[in-house]
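A.B. asks: In UniProt numbering, the protein residues as written are 1 to 749. Mind looking over this structure? Questions follow.
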Amino acid sequence: MQDPVKLRMSDTPTSTFGGRRAVPPNNSNAAEVDLPTEELQSLVPRGFNLKDYLNVTAVHLFKERWDSNKIDHHTDKYDNNKLIVRRGQTFYIQIDFNRPYDPRNDLFRVEYVIGNVVMGDILRGRYPQENKGTYIPVPVVKELQSGKWGAKVIMNDDRSVRLSIQSSHECIVGKFRMYVAVWTPYGILRTPRDPETDTYILFNPWCEDDAVYLDDEKEREEYVLNDIGVIFYGDFNDIKSRSWNYGQFEDGILDACLYVMDKAEMDLSGRGNPIKVSRVGSAMVNAKDDEGVLVGSWDNVYAYGIPPSAWTGSVDILLEYRSSETPVRYGQCWVFAGVFNTFLRCLGIPARVITNYYSAHDNDANLQMDIFLEEDGNVSSKLTKDSVWNYHCWNEAWMTRPDLPVGFGGWQAVDSTPQENSDGMYRCGPASVQAVKHGHVCFQFDAPFVFAEVNSDLVYITAKKDGTHVVEAVDATHIGKLIVTKQIGGDGMQDITDTYKFQEGQEEERLALETALMYGAKKTLNTEGVVKSRSDVDMNFDVENAVLGKDFKVTITFQNNSSNLYTVLAYLSGNITFYTGVSKKEFKKESFEVTLDPLSFKKKEVLVRAGEYMSHLLEQGLLHFFVTARINETRDVLAKQKSIVLTIPKVTIKVRGAAMVGSDMVVTVEFTNPLKETLQNVWIHLDGPGVMRPKRKMFREIRPNTTVQWEEVCRPWVSGPRKLIASMTSDSLRHVYGELDLQIQRRPM
Numbered sequence: 001m002q003d004p005v006k007l008r009m010s011d012t013p014t015s016t017f018g019g020r021r022a023v024p025p026n027n028s029n030a031a032e033v034d035l036p037t038e039e040l041q042s043l044v045p046r047g048f049n050l051k052d053y054l055n056v057t058a059v060h061l062f063k064e065r066w067d068s069n070k071i072d073h074h075t076d077k078y079d080n081n082k083l084i085v086r087r088g089q090t091f092y093i094q095i096d097f098n099r100p101y102d103p104r105n106d107l108f109r110v111e112y113v114i115g116n117v118v119m120g121d122i123l124r125g126r127y128p129q130e131n132k133g134t135y136i137p138v139p140v141v142k143e144l145q146s147g148k149w150g151a152k153v154i155m156n157d158d159r160s161v162r163l164s165i166q167s168s169h170e171c172i173v174g175k176f177r178m179y180v181a182v183w184t185p186y187g188i189l190r191t192p193r194d195p196e197t198d199t200y201i202l203f204n205p206w207c208e209d210d211a212v213y214l215d216d217e218k219e220r221e222e223y224v225l226n227d228i229g230v231i232f233y234g235d236f237n238d239i240k241s242r243s244w245n246y247g248q249f250e251d252g253i254l255d256a257c258l259y260v261m262d263k264a265e266m267d268l269s270g271r272g273n274p275i276k277v278s279r280v281g282s283a284m285v286n287a288k289d290d291e292g293v294l295v296g297s298w299d300n301v302y303a304y305g306i307p308p309s310a311w312t313g314s315v316d317i318l319l320e321y322r323s324s325e326t327p328v329r330y331g332q333c334w335v336f337a338g339v340f341n342t343f344l345r346c347l348g349i350p351a352r353v354i355t356n357y358y359s360a361h362d363n364d365a366n367l368q369m370d371i372f373l374e375e376d377g378n379v380s381s382k383l384t385k386d387s388v389w390n391y392h393c394w395n396e397a398w399m400t401r402p403d404l405p406v407g408f409g410g411w412q413a414v415d416s417t418p419q420e421n422s423d424g425m426y427r428c429g430p431a432s433v434q435a436v437k438h439g440h441v442c443f444q445f446d447a448p449f450v451f452a453e454v455n456s457d458l459v460y461i462t463a464k465k466d467g468t469h470v471v472e473a474v475d476a477t478h479i480g481k482l483i484v485t486k487q488i489g490g491d492g493m494q495d496i497t498d499t500y501k502f503q504e505g506q507e508e509e510r511l512a513l514e515t516a517l518m519y520g521a522k523k524t525l526n527t528e529g530v531v532k533s534r535s536d537v538d539m540n541f542d543v544e545n546a547v548l549g550k551d552f553k554v555t556i557t558f559q560n561n562s563s564n565l566y567t568v569l570a571y572l573s574g575n576i577t578f579y580t581g582v583s584k585k586e587f588k589k590e591s592f593e594v595t596l597d598p599l600s601f602k603k604k605e606v607l608v609r610a611g612e613y614m615s616h617l618l619e620q621g622l623l624h625f626f627v628t629a630r631i632n633e634t635r636d637v638l639a640k641q642k643s644i645v646l647t648i649p650k651v652t653i654k655v656r657g658a659a660m661v662g663s664d665m666v667v668t669v670e671f672t673n674p675l676k677e678t679l680q681n682v683w684i685h686l687d688g689p690g691v692m693r694p695k696r697k698m699f700r701e702i703r704p705n706t707t708v709q710w711e712e713v714c715r716p717w718v719s720g721p722r723k724l725i726a727s728m729t730s731d732s733l734r735h736v737y738g739e740l741d742l743q744i745q746r747r748p749m
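The following block contains the structure:
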């Protein structure tokens with residue numbers, strides 16, 4: 001007979017009593033205290049062997065990729081040899097006993113445990129964690145009930161019993177330890193701890209009762225099961241895209257995502273709630289205040305880390321974070337969004353990456369972007385605190401919102417880029433997209449900030465020397481110009497602007513803004529009735545296609561719509577900017593005068609030379625132009641701004657050999673330096689989900705017009721449409737990408 005488990009006082013977690021019974025925190029999936037193998041209620045008579053009763057000899061979980069458990073639960077893609085199931089859905093296990101099971105006389109149950117268990121309470125027969133879902137006793141029942149844990153015998157053959165186990169659709173998401181407990185007249189016999197029976201339970205978008213249920217199969221394929229995505233960036237007038245390896249099924253990623261919640265010390269009892277999980281994830285993907293996954297950097301200095309543009313996917317980032325247990329350097333908005341998307345999809349929450357072009361960062365929560373001008377028309381950097389990002393990426397997660405009124409479930413905006421503090425931490429959301437569209441910014445979480453990102457007004461204000469402010473112009477259509485995501489089943493772009501806002505100029509769109517203001521957003525400057533009447537002169541400008549390292553032209557046009565003669569003093573400012581709209585360096589400034597005859601049209605061309613911008617260039621190749629003009633006769637001020645993305649060379653990827661699972665294939669990466677300068681400290685990153693593990697190679701320099709090659713041999717393990725993704729980064733040139741679509745064939749039977 002096995003010796004009963006004996007506990008020392010030091011084995012029991014200590015706690016203090018502050019007016020009510022204190023329970024130790026249970027906030028780590030990785031923490032373990034094993035259940036005792038014997039719980040005896042009385043002394044066992046001498047010579048009596050407990051093994052004469054029903055004993056478990058083996059447990060089979062049917063956890064191979066081809067087994068029905070993983071196929072039916074859509075978890076067969078996970079590179080993990082443990083059982084992975086989705087909550088609210090039945091799965092199968094088999095228990096082998098030392099003798100045939102007799103349901104009339106034998107009593108047993110399956111138990112699932114996650115996190116810490118208070119040992120003293122277990123030995124006294126009390127399970128205080130059961131009401132929190134961290135200890136789950138699964139009784140054998142005649143019929144399974146939807147929404148309740150239960151086990152039904154579907155086969156009783158000789159010494160083997162096969163069970164169909166029904167889990168709750170509200171179950172905690174995480175990694176559970178499994179036990180089988182058998183009752184005897186003297187107490188309980190329990191199987192010892194066996195890591196091979198550990199079971200992961202995930203959110204279930206296929207279960208109608210689950211809070212993340214999504215009823216469209218094509219959407220589930222895209223937003224849960226697709227491990228390769230497309231992220232859009234660039235400028236509204238020059239949209240660019242890059243592929244991203246989410247890699248949610250790669251070896252170690254599921255454990256890394258669970259570790260993220262452990263690192264946040266998130267109570268296990270809240271890990272079945274997608275609202276809480278997504279909010280914690282929003283805070284933890286950035287390292288601003290909680291030692292989270294990624295350190296953000298927007299100053300173009302990436303010492304002791306990897307530039308954001310070099311990453312090709314989330315896998316390396318999450319695995320490095322898990323192994324080092326320290327934040328990874330560095331990320332910017334699309335990297336944060338890519339990693340957060342992996343976190344959500346890996347746990348089973350439908351998610352997608354969103355890009356908003358001309359995204360407002362409202363620093364003072366007044367729902368307008370205030371651009372202050374000096375009296376000469378130049379932008380006042382001292383007074384202008386709001387910024388307009390060329391683009392900004394965040395995520396949407398699909399879930400019900402029982403904490404909000406009916407109608408505000410569905411897609412929720414969640415953002416892990418650290419921008420503003422929310423309830424003491426740098427995080428954002430989940431904010432109902434439907435609530436944002438209608439201006440109902442009173443509903444949690446962070447809806448006012450999201451509303452301002454997509455639907456605030458751009459206000460040009462002249463700061464007079466006497467201290468007064470005069471509104472020169474209001475642009476109600478610039479912010480949130482285009483909001484997009486990857487299309488379902490393809491790499492194209494899907495316009496989802498109308499899910500965030502009504503069409504610009506419609507009464508509903510202005511009503512949504514008024515509703516947002518009514519719900520408490522402050523508006524410090526009245527723009528109604530202050531704006532000057534429309535000027536007789538229209539001004540616009542265009543920038544021709546600008547190639548990195550080449551000269552290009554900016555063309556400013558003036559249209560006099562009146563019968564009056566006007567003279568115009570204009571000023572063009574060209575700036576190297578971060579994609580966040582923050583200026584690093586003014587590289588071009590030019591003033592000029594234009595005389596406009598009545599009802600005339602006139603152009604002014606300004607040449608921008610490569611030598612003026614190349615030495616100051618930032619990694620995304622963004623140039624921002626601001627043109628202001630004052631009509632001398634009327635004192636009217638005209639202002640326009642535009643950003644451009646320089647055309648940057650690409651990395652070329654080629655393959656040779658059979659594109660087949662299990663067969664060797666040679667991948668060749670090539671890059672030619674088109675610049676007149678030598679590139680120093682060049683890193684090329686190569687990634688191919690299901691084809692090859694992420695790799696990188698360094699070249700100390702690449703001389704002008706020189707081509708470098710890099711070959712790698714790989715052996716694909718996933719069939720179907722796949723991608724190879726490459727990036728190149730150097731001291732002076734970054735954001736260089738290349739990709740290749742592949743169709744990997746199955747190995748012949």
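From the three backbone atoms N, C-alpha and C, an ideal C-beta is built for every residue, glycine too. Note that the coordinates shown come from a computational prediction; the quantities given were computed from them, not determined experimentally.
(1) Just how far apart, CA to CA, sit Q434 and I231?
(2) Please give the ranges of any alpha helix (DSSP H) in the segment 462-505, keeping only runs that are unbroken, at least 4 residues long and fully inside the region.
(3) Quick check: the segment 646-653 against the segment 198-218, are at least 3 beta-carbon pairs closer than 8 Å?
(4) Looking only at C-alpha atoms, which of E605, S563, N564 sits nearest to Y571?
(5) Would E219 and I483 qualify as a contact pair, given that the criterion is a beta-carbon distance under 8 Å?
(6) Please name the residue in N564, Y112, T497 whose C-alpha comes closest to that of I172.
(7) In or out: W389 buried (at least 16 other Cβ within 10 Å) or exposed?
(8) I need the straight-line Cα distance from R193 to N29, nearest angstrom please.
(9) Nearest-angstrom Cα distance between Q204 and D216?
(10) Below 8 Å, how does it come out for the segment 279-288 and the segment 421-435: are there three or more Cβ pairs, yes or no?
(11) Which class does V645 belong to by DSSP, given the choice of helix, strand or coil?
(12) Distance, Cα to Cα, D741 vs R279?
(13) I'd like to check one pair, S387 with residue 750: are the Cβ atoms closer than 8 Å?
(14) K63: which of D76, N55, L54 sits nearest, CA to CA?
(15) Taking just the CA atoms, how far does N455 sit from E712?
(16) Using the C-alpha atoms, what's the distance from T312 back to E32?
(17) Look at the Cβ atom of S381, then the Cβ atom of L373, and state whether they are nearer than 8 Å.
(18) State the Cα-Cα distance for the pair I71 and L254, rounded to the nearest angstrom.
(19) Within 8 Å, do at least three Cβ pairs link the segment 661-677 to the segment 626-643?
(20) Do R329 and V293 count as a contact pair if the criterion is CB distance below 8 Å?
(21) Which class does E701 belong to by DSSP, given the choice of helix, strand or coil?
(22) Looking at C-beta atoms only, is the number of pairs between the segment 599-617 and the segment 534-552 that lie closer than 8 Å three or more?
(23) From this set, L83, R242, Q129, which residue's C-alpha is nearest D491's C-alpha?
(24) Rounded to the nearest angstrom, what separates R703 and K695 at their Cα positions?
(25) Inspect the CB distances between the segment 593-601 and the segment 555-564 and report whether three or more fall short of 8 Å.
(26) In the DSSP assignment, the beta strand (DSSP E) including C428 goes from what residue to what residue?
(27) Are the segment 326-340 and the segment 261-269 touching by the rule of at least three beta carbon pairs closer than 8 Å?
(28) Would you kindly work out how many angstroms separate the C-alpha atoms of E508 and L623, rounded to a whole number?
(29) Quick check: I349 and V212, are their CB atoms within less than 8 Å of each other?
(30) In terms of residue numbering, what span does the beta strand (DSSP E) encompassing C393 cover?
(31) On the DSSP letters alone, give me the boundaries of the beta strand (DSSP E) that I253 sits inside.
(32) Near G529, what residues of its chain come up, given a Cβ to Cβ distance below 7 Å and the 5 sequence neighbours on each side ignored?
(33) Three-state secondary structure (DSSP) at A658?
(34) Using DSSP's beta-bridge definition, name the partner residues of W710.
(35) Please confirm whether G174 and I114 have their CB atoms less than 8 Å apart.
(36) Report the rounded CA-to-CA distance for W398 versus E544, giving the unit in angstroms.
C.D. replies: Short version:
(1) Looking up residue 434 in the sequence shown gives position 434. Looking up residue 231 in the sequence shown gives position 231. If I take the Cα positions, the gap works out to 23 Å.
(2) 497-500
(3) no
(4) Position 571 of the sequence shown, counted from the first residue, corresponds to residue 571. Among E605, S563, N564, the Cα nearest to that of Y571 is on E605.
(5) Within the sequence shown, residue 219 is the residue found at index 219, counting from 1. Within the sequence shown, residue 483 is the residue found at index 483, counting from 1. Not closer than 8 Å, so no.
(6) Looking up residue 172 in the sequence shown gives position 172. If we check each option's Cα against that of I172, Y112 comes out closest.
(7) As a working mapping, residue 389 is identified with position 389 in the sequence shown. Flag for W389 reads buried.
(8) Stepping through the sequence shown from its first residue, residue 193 is reached at position 193. Stepping through the sequence shown from its first residue, residue 29 is reached at position 29. If I take the Cα positions, the gap works out to 15 Å.
(9) The residue given as residue 204 occupies position 204 in the sequence shown. The residue given as residue 216 occupies position 216 in the sequence shown. The identity of residue 204 in the sequence shown is Asn, whereas the question assumes Gln. When rounded, the distance between both Cα atoms is 13 Å.
(10) yes
(11) Here residue 645 refers to the residue found at position 645 of the sequence shown. Strand.
(12) Translated into positions along the sequence shown, residue 741 becomes position 741. Translated into positions along the sequence shown, residue 279 becomes position 279. Going from the Cα of D741 to the Cα of R279 covers about 35 Å.
(13) Absent from the structure is residue 750, since the part of the chain shown begins at 1 and ends at 749.
(14) Numbered from its first residue, the sequence shown carries residue 63 at position 63. Measuring from the Cα of K63, the nearest candidate turns out to be D76.
(15) For the purposes of this step, residue 712 is taken as residue 712 along the sequence shown, with counting starting at 1. For the purposes of this step, residue 455 is taken as residue 455 along the sequence shown, with counting starting at 1. Taking the straight line joining both Cα atoms gives about 47 Å.
(16) In the sequence shown, the residue the question calls residue 32 occupies position 32. In the sequence shown, the residue the question calls residue 312 occupies position 312. Cα to Cα, the separation comes out at about 35 Å.
(17) Taking the sequence shown and counting its residues from 1, one reaches residue 381 at position 381. Taking the sequence shown and counting its residues from 1, one reaches residue 373 at position 373. No. Outside cutoff.
(18) The sequence position of residue 71 within the sequence shown is 71, counting from 1. The sequence position of residue 254 within the sequence shown is 254, counting from 1. Roughly 18 Å between the two C-alpha positions.
(19) no
(20) For the purposes of this step, residue 293 is taken as residue 293 along the sequence shown, with counting starting at 1. For the purposes of this step, residue 329 is taken as residue 329 along the sequence shown, with counting starting at 1. It is not a contact, given that the beta carbons lie outside the stated cut-off.
(21) Taking the first residue of the sequence shown as 1, we reach residue 701 at position 701. In the structure shown, E701 sits in a strand (DSSP, three-state: E or B).
(22) yes
(23) Walking along the sequence shown from the start, residue 491 turns up at place 491. Selected option, being the one with the closest Cα: R242.
(24) For the purposes of this step, residue 703 is identified with residue 703 of the sequence shown, where counting begins at 1. For the purposes of this step, residue 695 is identified with residue 695 of the sequence shown, where counting begins at 1. Taking C-alpha positions only, R703 is separated from K695 by approximately 23 Å.
(25) yes
(26) Within the sequence shown, numbered from 1, the residue matching residue 428 stands at position 428. Looking at the DSSP string, the run of the beta strand (DSSP E) that includes C428 is 428-432.
(27) no
(28) Here the question's residue 508 lines up with position 508 in the sequence shown. Here the question's residue 623 lines up with position 623 in the sequence shown. Cα-Cα distance, rounded: 35 Å.
(29) Reading the sequence shown from its first residue, position 349 is the one you call residue 349. Reading the sequence shown from its first residue, position 212 is the one you call residue 212. Against a cut-off of 8 Å, the Cβ pair of V212 and I349 comes out as a contact.
(30) Residue mapping note: residue 393 aligns to position 393 of the sequence shown, counting from 1. Where C393 is concerned, the enclosing beta strand (DSSP E) stretches over 387-399.
(31) In the sequence shown, counting from the first residue as 1, residue 253 sits at position 253. It is not in any beta strand (DSSP E) - I253 instead sits in the alpha helix (DSSP H) that spans 253-263.
(32) Numbered from 1 along the sequence shown, position 529 holds the residue referred to as residue 529. Residue placement at G529 cannot be trusted, given a pLDDT of 46 that sits under 50; what the coordinates show is reported in the next sentence. Cβ-Cβ distances below 7 Å link G529 to nothing in the same chain once the five nearest sequence neighbours on each side are left out.
(33) By one-based count along the sequence shown, residue 658 stands at place 658. Coil, per DSSP.
(34) Indexing the sequence shown from 1 puts residue 710 at position 710. Looking at the DSSP assignment, W710 forms a beta bridge with V669.
(35) The residue you call residue 174 lines up with position 174 of the sequence shown. The residue you call residue 114 lines up with position 114 of the sequence shown. For G174 and I114, yes; Cβs fall inside 8 Å.
(36) Along the sequence shown, one-based indexing puts residue 398 at 398. Along the sequence shown, one-based indexing puts residue 544 at 544. About 41 Å.
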